[in-house]
Amino acid sequence: MVKFRRNSTQKAKAAVIALNKAKSSRKSYNTPEVNAALYEMFYGKCYICENKENFSYQIEHLRPHRGNIELEYDWDNLFLSCTHCNNIKNAKYDPILDCSKVDVDLKIAFRKIGYFGTDEQYEFTALEDGVEVKNTIELLKETYYGNTPQKKLEAVHIRRKLRRNLSDFKNLIREYEEAADIDKEDYKHAIREEVSCSAAFAAFKRWLLWDHKERYEELLPFCGMSLESNHNLK
Numbered sequence: 000m001v002k003f004r005r006n007s008t009q010k011a012k013a014a015v016i017a018l019n020k021a022k023s024s025r026k027s028y029n030t031p032e033v034n035a036a037l038y039e040m041f042y043g044k045c046y047i048c049e050n051k052e053n054f055s056y057q058i059e060h061l062r063p064h065r066g067n068i069e070l071e072y073d074w075d076n077l078f079l080s081c082t083h084c085n086n087i088k089n090a091k092y093d094p095i096l097d098c099s100k101v102d103v104d105l106k107i108a109f110r111k112i113g114y115f116g117t118d119e120q121y122e123f124t125a126l127e128d129g130v131e132v133k134n135t136i137e138l139l140k141e142t143y144y145g146n147t148p149q150k151k152l153e154a155v156h157i158r159r160k161l162r163r164n165l166s167d168f169k170n171l172i173r174e175y176e177e178a179a180d181i182d183k184e185d186y187k188h189a190i191r192e193e194v195s196c197s198a199a200f201a202a203f204k205r206w207l208l209w210d211h212k213e214r215y216e217e218l219l220p221f222c223g224m225s226l227e228s229n230h231n232l233k
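So, in structure tokens, the structure goes:
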């Protein structure tokens, strides 16, 4: 879960117009314009689990509208979610961190614990106090581990994709370290892409670097950090 900018693009402007029309006639907010704008804003990935290999998307209300018309049609309250995460969150977790306004991965640490031959776990550690942080962590735990037999099966597939992504990223870092100086810039570009908000599971990849900040100081700016500004991360 990382920060996404809600920029005023042409698609976003069209979505706001479509929402206003739908609101005035009390029609569905689920319009082609809204879907296109959300897909653009979130780079085609679920804002909660960060999986990009989804075949089913839903429009998610960050704050459950519960019949409140203003919240139901508010562009700033609409997010792109996979079906798995949307069904888990529903109206159960409120409030949570708004990833269009704050850097979630600077308030919560995202870590994979364990390695081959040991029990592997995904941990989410609060870096700040507050109900939004607490609720977001509980949501993330249910997202990656499931809360029903069906959701647990779905979560297995998400964790499998996450594990493969992290393995590929670690290999990329190793290749960067072993590369000749003339090739390092190419690897830096690839690393920058892998920790950008458009990449799958970016929060976990950023924390791989942040947890070894002295070794990868030159890569921290790609994550929006520096060695000096990173001292409070636990």
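Note that numbering that gives the first Met the number 0 numbers the sequence shown so that position 231 is 230, with each residue one more than the last.
Ideal Cβ positions, reconstructed from N, Cα and C, are used throughout, including at glycine.
### Query
What first and last residue would you give for the alpha helix (DSSP H) that runs through LYS244?
Nothing in the structure corresponds to residue 244, since the chain is present only between 0 and 233.
#### Entry: Exposure label - SER7; buried when at least 16 CB within 10 Å
Working through the sequence shown from its first residue, we reach residue 7 at position 8. SER7 comes out exposed.
#### Entry: DSSP three-state assignment for SER55, whether helix, strand or coil
On the sequence shown, residue 55 is found 56 positions in, with the first residue counted as 1. The answer is coil: DSSP assigns SER55 none of H, G, I, E or B.
### Query
From TYR143, SER23, ALA108, pick the residue whose C-alpha is nearest to that of GLU49; which is it?
To locate residue 49, count along the sequence shown from 1; it is residue 50. Here the closest residue by C-alpha is TYR143.
### Task
Determine the burial state of ALA17: buried for a count of at least 16 other Cβ atoms within 10 Å of its Cβ, exposed for fewer.
Against the sequence shown, residue 17 aligns to sequence position 18. By the neighbour-count rule (16 or more Cβ atoms within 10 Å), ALA17 is buried.
### Message
Residues in the same chain with beta-carbon distance under 8 angstroms from VAL1, minus the five sequence neighbours each way, listed in chain order, please.
### Response
Reading the sequence shown from its first residue, position 2 is the one you call residue 1. Only GLU49, CYS98, ASP102, VAL103, ASP104, CYS196, ALA201, ALA202, ARG205 meet the Cβ criterion.
### Task
Return yes when the Cβ of LEU165 is within less than 7 angstroms of the Cβ of LYS111, no when it is not.
Counting from one through the sequence shown, the residue named residue 111 turns up at place 112. Counting from one through the sequence shown, the residue named residue 165 turns up at place 166. Yes; because the gap between Cβ atoms is below 7 angstroms, this pair is in contact.
### Query
From PHE109 to LEU79, what distance separates their C-alpha atoms?
The residue you call residue 109 lines up with position 110 of the sequence shown. The residue you call residue 79 lines up with position 80 of the sequence shown. Looking at the two C-alpha atoms, the distance is approximately 21 angstroms.
### Query
Buried or exposed: where does GLU59 fall if 16 or more other Cβ atoms within 10 Å of its Cβ makes it buried?
In the sequence shown, residue 59 corresponds to position 60, counting from 1. GLU59 is buried by the Cβ-count criterion.
### Query
In its own chain, which residues sit with a C-beta less than 6 angstroms from the C-beta of ASN85, not counting the 5 before and 5 after it?
As a working note, residue 85 is residue 86 in the sequence shown. Closer than 6 angstroms at Cβ, skipping near neighbours: GLN57, GLU59.
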